[in-house]
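Data first, discussion second: the structure below is written as structure tokens.
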Amino acid sequence: MKKNLFNVWSVLAIFALVLTACATPTTEAPKPTAVPPTAAPAATAMPKPTEAPKPTEAPKPVGIKGEVTLWHAYSTGSAEEATLGKIVAAVKTKNPDLKLNVLQVPFDKIFDKYKTEVASGAGPDMFVAPNDDLGNLARGKLILDVSKQLDGKLGDFAPNSVDGMKVDGKLYGIPESAKAVALYYNKSLIDKAPTTTDELLAAVKGGKSLNLFIGAYHDYGFFGSFGGKLLDDSQKCVLDTTGGTDAMQYLLDLKKAGAALEADYGKFETPFRQGKVAMMVNGPWALGDYKKDLGDKLGVVSMPTGAKGKASPFNGIDGFYVNPNVKNVDVVVATALQLVSKESSQMYTDGAGHVPIRKDVTSADPLVAAFAKASADGFPRPQSKEFGNYWEPFGNMFTKVLEGKATPADGVKEACGLMNKANGK
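Right, dumping it as structure tokens:
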């Protein structure tokens, strides 16, 4: 700031007094009276320059204030659980007035526990899970429609991930990552991963070990390899006439050749993590753990393509869902958005192997890229009322057929019939 200096000067005017003599010439004219010097006035003190005003300090950003309880189903001691812990710590640091409570609930119990507690007016403020049962949760009014709260706030997310959180056009979740199963393999036990159903069967017949988990989720992708289609345009189950039987027969052929088909997740997964099994089909939620177990020996490719098409694993979206009983909706949604921010999503990708769905998050990991491809090629999990009736009849069908209690044809026909009956088709 320029300083303006003001100088004040005193100007002294000295007037000479002219004395006119009036005396006679003989009288000596008096000497002029000496004019005493006038003392110069003291200089006026120069005013102090005006100090520039101090700049106004910008107000500190106001963080989230309140208390939020979050449930998750990440396995105890897993890379997912550890990564979430780091993300939560970062969010707490950023928001010192936020109390964020986290509780782990086993995956096979989280949906039932949540439904029971919400129905009684309780439950967590939000929980994170895949969109497996999103349609039923939304239509049962067990999760909150957050369309208004999220309006204009999901521009950095892939459109299909946002669509994966919608039911009947309304938004019921904050998307976190994409998930589809793929074929894991141990490079020290198999030189080249099979990419077709014929190659996979030949590898198993040749002594290469394969573990598969029996279930309507993990094994669904094989239907696509044999031309299978779950629902037609009228939402009627047609797997019994479009390749479902052939896919189930193929799984039996793998079992006969030596593949281990397990109903116990621990028995299915543990041998692969120990380096004893060459191949298995599983999802990206386990990637962080398998990388620690196998290091550079770990590889991932899409499920094998068949004679009638690509494998079609369910492409699901994991997200955060809000309890309709909450009073502080804005606080809960704001917290969820920070849990899926650019920084948080990068942590999920780097630490847990999650497939990013934000446009501003990337990964140079080829294993994450393999899962991204599996998701892109997968079958977007429907949220229709009809699809909600898939899980129980087909879950039972996989168990019956693969344990030899029903033929592939009878099993698929029965499951489709039960699904159509439940849907009034």
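Just add 111 to wherever you are in the sequence shown, counting from 1, and you've got this note's numbering. Note that CB positions come from ideal geometry on N, CA and C, so glycine has one too.
#1: As a quick exercise: from 404, 407, 462, 413, pick the residue whose alpha carbon is nearest that of residue 393.
#2: Only counting the same chain, and skipping five residues up and downstream in sequence, which positions put a Cβ closer than 6 Å to that of residue 527?
#3: Can you tell me which residues form a DSSP beta bridge with residue 337?
#4: Under the DSSP definition of a beta bridge, which residues are partnered with residue 383?
#5: Does the separation of the CB atoms of residue 246 and residue 278 fall below 7 Å?
#6: Residue 426 to residue 323, Cα distance in whole Å?
#7: Output needed for residue 614: all residues of its chain with C-beta closer than 8 Å, excluding positions within five of it in sequence on either side, in chain order.
#8: Residue 486 and residue 291 look like a contact to me (Cβ under 8 Å); what is the Cβ gap, rounded to whole Å?
#9: Given a threshold of 16 other Cβ atoms within 10 Å of its Cβ, counted over all protein chains shown, does residue 353 qualify as buried or as exposed?
#10: Which residue from 437, 248, 202, 390 puts its Cα closest to that of residue 500?
#11: Can you name, in chain order, every residue of its own chain whose Cβ lies under 8 Å from the Cβ of residue 518, other than the five neighbours on each side?
#12: If distances are taken between C-alpha atoms only, which option among 329, 315, 192 comes closest to residue 181?
#13: Run the CB neighbour count on residue 136, radius 10 Å, all protein chains shown included, and call it buried at 16 or more, exposed below.
#14: Classify residue 483 as buried or exposed, calling it buried when 16 or more other Cβ atoms lie within 10 Å of its own Cβ.
#15: Are the segment 377-384 and the segment 355-368 in contact at 8 Å, needing three or more beta carbon pairs?
#16: Taking C-alpha atoms, which residue in 204, 404, 258, 367 lies nearest to residue 297?
#17: Kindly indicate which three-state DSSP category residue 437 falls into: helix, strand or coil?
#18: Just verifying my parser: in three-state terms, what is the DSSP assignment at residue 325?
#19: Using only the alpha-carbon positions, how far apart do residue 224 and residue 316 sit?
#20: Could you tell me the alpha carbon to alpha carbon distance between residue 384 and residue 508, rounded to whole angstroms?
#21: Does DSSP put residue 236 in a helix, in a strand, or in coil?
#22: What residues are listed by DSSP as bridge partners for residue 268?
#23: Starting from the Cα of residue 318, find the closest Cα among 452, 344, 369 and give me that residue.
#24: Using the C-alpha atoms, what's the distance from residue 466 back to residue 441?
#25: With a cut-off of 8 Å on the beta carbons, I'd call residue 505 and residue 327 a contact; round off their distance for me.
#26: Counting Cβ pairs, one atom from each stretch, are 3 or more of them under 8 Å apart for the segment 330-348 and the segment 487-497?
#27: For the alpha helix (DSSP H) containing residue 502, name the first residue and the last one.
#28: Measuring CA to CA, which of 230, 458, 365 is closest to residue 314?
#29: Using the C-alpha atoms, what's the distance from residue 267 back to residue 374?
#30: Pick from 218, 422, 188, 515: whose alpha carbon is nearest that of residue 367?
#31: Using the three-state DSSP reduction, which class does residue 360 fall into: helix, strand or coil?
#32: On the three-state DSSP scale, how would you describe residue 588?
#33: Where does residue 259 land, buried or exposed, given buried means 16+ other C-beta within 10 angstroms?
#34: Measure the CB-CB distance between residue 211 and residue 199 and report whether it falls below 7 Å.
#35: So what's residue 282 in DSSP terms, helix, strand or just coil?
#36: Ignore the nearest five residues each way along the sequence and tell me which others in residue 201's own chain have a CB closer than 8 Å to its CB.
So, from the data block:
#1: For the purposes of this step, residue 393 is taken as residue 282 along the sequence shown, with counting starting at 1. Residue 413 is the option with its Cα nearest to residue 393.
#2: Locating residue 527 in the sequence shown gives position 416, where the first residue counts as 1. Hits under 6 Å: 348, 350, 351.
#3: As a first step, residue 337 is located in the sequence shown; it is residue number 226 there, counting from the start. Answer by DSSP bridge pairing: none, since residue 337 is not bridged.
#4: Start at 1 with the first residue of the sequence shown, and residue 383 comes out as number 272. Beta-bridge pairing links residue 383 to no other residue.
#5: In the sequence shown, residue 246 corresponds to position 135, counting from 1. In the sequence shown, residue 278 corresponds to position 167, counting from 1. Yes; because the gap between Cβ atoms is below 7 Å, this pair is in contact.
#6: Locating residue 426 in the sequence shown gives position 315, counting from the first residue. Locating residue 323 in the sequence shown gives position 212, counting from the first residue. For residue 426 and residue 323, the distance between alpha carbons rounds to 18 Å.
#7: Residue 614 lies beyond the stretch modelled for the chain, which goes from 112 to 536, so this question has no answer here.
#8: Indexing the sequence shown from 1 puts residue 486 at position 375. Indexing the sequence shown from 1 puts residue 291 at position 180. So it is a contact: roughly 4 Å between Cβ atoms.
#9: Within the sequence shown, the letter at position 242 stands for residue 353. Buried.
#10: Taking the first residue of the sequence shown as position 1, residue 500 is located at position 389. Closest option to residue 500, Cα to Cα, is 248.
#11: For this step, residue 518 is matched to residue 407 along the sequence shown. Excluding positions up to five away in sequence, the list reads 512.
#12: Taking the sequence shown and counting its residues from 1, the one referred to as residue 181 is at position 70. Answer by Cα proximity: 192.
#13: Residue mapping note: residue 136 aligns to position 25 of the sequence shown, counting from 1. With a pLDDT of 38 at residue 136, under the threshold of 50, the predicted position of this residue should be treated as unreliable, though the coordinate-derived value follows. It is exposed - the Cβ of residue 136 has fewer than 16 other Cβ atoms within 10 Å.
#14: To locate residue 483, count along the sequence shown from 1; it is residue 372. The residue in question, residue 483, is buried, as its Cβ has 16 or more Cβ neighbours within 10 Å.
#15: no
#16: Here residue 297 corresponds to residue number 186 of the sequence shown, with the count starting at 1. Of 204, 404, 258, 367, the residue nearest in Cα terms is 404.
#17: By one-based count along the sequence shown, residue 437 stands at place 326. Three-state DSSP puts residue 437 in coil, outside helix and strand.
#18: Indexing the sequence shown from 1 puts residue 325 at position 214. Coil.
#19: Here residue 224 corresponds to residue number 113 of the sequence shown, with the count starting at 1. Here residue 316 corresponds to residue number 205 of the sequence shown, with the count starting at 1. Each residue's Cα considered, the two are about 43 Å apart.
#20: As a working mapping, residue 384 is identified with position 273 in the sequence shown. As a working mapping, residue 508 is identified with position 397 in the sequence shown. Approximately 28 Å, taken between the alpha carbons.
#21: In the sequence shown, the residue the question calls residue 236 occupies position 125. Reduced to three states, the DSSP call for residue 236 is coil.
#22: Residue mapping note: residue 268 aligns to position 157 of the sequence shown, counting from 1. Paired residue(s): 469.
#23: Walking along the sequence shown from the start, residue 318 turns up at place 207. Residue 369 is the option with its Cα nearest to residue 318.
#24: Counting from one through the sequence shown, the residue named residue 441 turns up at place 330. Counting from one through the sequence shown, the residue named residue 466 turns up at place 355. Distance between the alpha carbons of residue 441 and residue 466: 27 Å.
#25: Counting from 1 along the sequence shown, the entry for residue 505 is found at position 394. Counting from 1 along the sequence shown, the entry for residue 327 is found at position 216. The pair is a contact, with the Cβ atoms about 4 Å apart (cut-off 8 Å).
#26: yes
#27: As a first step, residue 502 is located in the sequence shown; it is residue number 391 there, counting from the start. 502-513 is the span of the alpha helix (DSSP H), which, as asked, contains residue 502.
#28: Translated into the one-based positions of the sequence shown, residue 314 becomes position 203. Closest option to residue 314, Cα to Cα, is 365.
#29: Here residue 374 refers to the residue found at position 263 when the sequence shown is read from its first residue. Here residue 267 refers to the residue found at position 156 when the sequence shown is read from its first residue. Roughly 39 Å between the two C-alpha positions.
#30: One-based indexing of the sequence shown puts residue 367 at position 256. Comparing Cα-Cα distances from residue 367 to each of 218, 422, 188, 515, the minimum goes to 515.
#31: Looking up residue 360 in the sequence shown gives position 249. In the structure shown, residue 360 sits in a helix (DSSP, three-state: H, G or I).
#32: Since the first residue of the chain shown is 112 and the last is 536, residue 588 is not available in this structure.
#33: Locating residue 259 in the sequence shown gives position 148, where the first residue counts as 1. Answer is exposed; the Cβ neighbour count stays below 16.
#34: For this step, residue 211 is matched to residue 100 along the sequence shown. For this step, residue 199 is matched to residue 88 along the sequence shown. For residue 211 and residue 199, yes; Cβs fall inside 7 Å.
#35: Mapped onto the sequence shown, residue 282 falls at position 171. Here residue 282 sits in strand by DSSP.
#36: By 1-based counting over the sequence shown, the position of residue 201 is 90. Same-chain partners within the cutoff: 454, 455, 458.
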